[in-house]
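The block underneath contains the structure these notes are about, expressed in structure tokens.
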Amino acid sequence: MNRPLSNAALLQKDHQHMIHPLHHTAGHADGRVWTKGEGSHLYDADGNRYIDGLSCLWNVSAGHGHQELADAAYRQMTDMAFCSSYAGGSNRPAIELAERLSTIAYPKINSFYFTSGGGEATDSNIKLARFYWKAKGKPGKVKVIGRDWGYHGVTFAAMCATGIKGYWPMFEPRIPGFSHIPAPDPYHYPMPEDGSSQGIAAANELEKEILAQGPETVSMFIAEPVQGAGGVIVPPDDYFGRIREICDEYEVLLVCDEVITGFGRTGKMFGLEHYGVEPDLIQFAKSITSGSVPLGGIGMSDEIAETVTSSKTPWMHAYTYSGHPTTCAVALATLDLIEREDLPGQAAAKGEAMLKKLHDALDDHPRVGNVRGKGMMHGIEIVRDKQTKEAFDADFGLGAKLTKALMDRGLYTRVRSEVICNAPPLTTDESTLDEMVGIYRDAIVEVVGG
Ligand SMILES: Cc1ncc(COP(=O)(O)O)c(C=O)c1O
0 MNRPLSNAAL LQKDHQHMIH PLHHTAGHAD GRVWTKGEGS HLYDADGNRY IDGLSCLWNV
60 SAGHGHQELA DAAYRQMTDM AFCSSYAGGS NRPAIELAER LSTIAYPKIN SFYFTSGGGE
120 ATDSNIKLAR FYWKAKGKPG KVKVIGRDWG YHGVTFAAMC ATGIKGYWPM FEPRIPGFSH
180 IPAPDPYHYP MPEDGSSQGI AAANELEKEI LAQGPETVSM FIAEPVQGAG GVIVPPDDYF
240 GRIREICDEY EVLLVCDEVI TGFGRTGKMF GLEHYGVEPD LIQFAKSITS GSVPLGGIGM
300 SDEIAETVTS SKTPWMHAYT YSGHPTTCAV ALATLDLIER EDLPGQAAAK GEAMLKKLHD
360 ALDDHPRVGN VRGKGMMHGI EIVRDKQTKE AFDADFGLGA KLTKALMDRG LYTRVRSEVI
420 CNAPPLTTDE STLDEMVGIY RDAIVEVVGG
């Protein structure tokens, strides 16, 4: 029998033939070729074991290696792997999934359209918002307001809604009509001088932007309940209530991007449940199948669904894989798992305990500026100067150094320039979580001293 190729040998072939998302040749030079996932761990082609500190890409929330998800895919693929869901066609798993989602999503969200991932869901919502306002006789409402550090995907409109500026330069010009307001980041957002709270002041930035753009031109505001890829930014508790009021006042749809926060990550099934606010539209992906097969989608309020279903002009959004029976069958099996193992409850309890341990281990470190989180998503922000919150110069290469120091200690996660992101599977056991806290501290000390 041929011996399996080593990590280095596979990587050499990869360098010759593969272009990666976020392709960066230097960053990939020492890459890992992953060959096995088991619970909260990943193994590379040389058999080295790593803790999966980000559930791969915030998506493998139930952990690796669930036989029941494979069985669900096998059963459905044996019966019928694919069929069209264009009007005139449908299938049992997609119908059942849409019905099931209506019972767990926000009360007024009861109709769903499926995609294969999060970016397509963003583009679908941007198109749906335009469709809706046209149908309502307000065709001028086309603009999209997002937030700095918001992340919504790489399809073109999603890239424009994204507020992480590094995603733009080589793809300019962007679509006109997209703008961004500051993130509600309690660590960086200035404390208002008029005595109002940071949350209200940060939300009022939306009102200012709507007025600057002209309310009659703005279709929607898009926001993640907790900003993930932008560095785990947890808004103040009073932020989203005020956002909802502003959206209502100016007839702007509130689109909640639950691609990371959906299905338990923050300690609730959906992220805005923490703030007692209902959006008009949601979008989801990632954890709906625990990352095992690609599936995303959007959910719309009854009023928006009624506008779509009663429109004389069809919803010309013909996506081949919308309502894919196999991925929907896997999603149904994942929802069984999420509910049976109470993943939101696990995220709430373990996430809170881990946040406390991170505070205990890191708050006194001279270069740890901020430790934050909600449920099982945490951010550790490293600064050069704790008083001024000044960041390290880009030349220092903080992110790359931290990533390497973590990898050297057997922990695989992503660092957004100066913020270490922590989002392991919600099923991760306590001793592994404790081990991770120690690794974070040791890696930080190695890279920035202290
Ligand atoms: C909040 C959010 N929205 C959208 C996306 C895009 O999802 P996808 O990469 O599946 O297109 C992501 C991906 O990380 C995300 O975190």
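In this text, residue positions in the sequence shown follow numbering that gives the first Met the number 0: the first is 0, and each later residue adds one. Cβ atoms here follow ideal geometry from the backbone N, Cα and C, with glycine treated the same way. Predicted model only: the values in this text are computed from it and were never measured.
Per-residue DSSP class, three states only, for residue i
i: residue 43; result: strand
i: residue 258; result: coil
i: residue 265; result: coil
i: residue 411; result: strand
i: residue 281; result: strand
i: residue 247; result: helix
i: residue 34; result: strand
i: residue 103; result: helix
i: residue 239; result: helix
i: residue 48; result: strand
i: residue 1; result: coil
i: residue 373; result: strand
i: residue 271; result: helix
i: residue 77; result: helix
i: residue 446; result: helix
i: residue 387; result: coil
i: residue 420; result: strand
i: residue 178; result: strand
i: residue 53; result: coil
i: residue 16; result: helix
i: residue 353; result: helix
i: residue 163; result: coil
i: residue 222; result: strand
Assigned exposure category for residue i - 16 Cβ within 10 Å defines buried
i: residue 289; result: buried
i: residue 308; result: exposed
i: residue 18; result: exposed
i: residue 49; result: buried
i: residue 85; result: exposed
i: residue 75; result: buried
i: residue 92; result: buried
i: residue 444; result: exposed
i: residue 193; result: exposed
i: residue 43; result: buried
Backbone CA spacing between residue i and residue j [nearest angstrom]
i: residue 469; j: residue 325; result: With the chain covering only 0 through 449, there is no way to say anything about residue 469.
i: residue 90; j: residue 116; result: 20 Å
i: residue 371; j: residue 363; result: 14 Å
i: residue 293; j: residue 207; result: 38 Å
i: residue 31; j: residue 392; result: 28 Å
i: residue 285; j: residue 264; result: 11 Å
i: residue 403; j: residue 306; result: 51 Å
i: residue 462; j: residue 240; result: It is not possible to answer for residue 462, since the shown part of the chain is limited to 0 through 449.
i: residue 100; j: residue 167; result: 34 Å
i: residue 181; j: residue 2; result: 53 Å
i: residue 333; j: residue 252; result: 30 Å
i: residue 26; j: residue 340; result: 37 Å
i: residue 159; j: residue 228; result: 15 Å
i: residue 123; j: residue 316; result: 8 Å
i: residue 442; j: residue 104; result: 39 Å
i: residue 386; j: residue 379; result: 16 Å
i: residue 268; j: residue 256; result: 13 Å
i: residue 278; j: residue 29; result: 42 Å
i: residue 137; j: residue 249; result: 13 Å
i: residue 231; j: residue 258; result: 13 Å
i: residue 112; j: residue 322; result: 7 Å
i: residue 8; j: residue 41; result: 19 Å
i: residue 400; j: residue 394; result: 11 Å
Open item on the list: Does the region 223 to 235 come into contact with the region 174 to 186, if we say contact requires no fewer than three beta-carbon pairs (one atom in each stretch) closer than 8 Å?
Closed with: yes
Task: At least three beta-carbon pairs within less than 8 Å, the region 214 to 231 to the region 21 to 28 - done: no
TODO: Would you be able to state if there are at least three C-beta pairs under 8 Å between the region 245 to 254 and the region 350 to 360?
DONE: no
Task: Stretch-stretch touch, CB-based, cutoff 8 Å, three pairs: the region 140 to 153 with the region 102 to 114 - done: no
Open item on the list: Three Cβ pairs or more, each shorter than 8 Å: is that satisfied between the region 35 to 53 and the region 396 to 411?
Closed with: yes
Open item on the list: Check whether the region 413 to 422 and the region 377 to 395 are in contact - that is, three or more C-beta pairs closer than 8 Å.
Closed with: yes
Task: Meets three-Cβ-pair contact criterion under 8 Å: the region 295 to 303 and the region 64 to 72 - done: no
Task: Inter-stretch contact (C-beta, 8 Å, three-pair minimum) for the region 343 to 354 and the region 310 to 330 - done: no
- [ ] Would you be able to state if there are at least three C-beta pairs under 8 Å between the region 31 to 43 and the region 51 to 61?
- [x] yes
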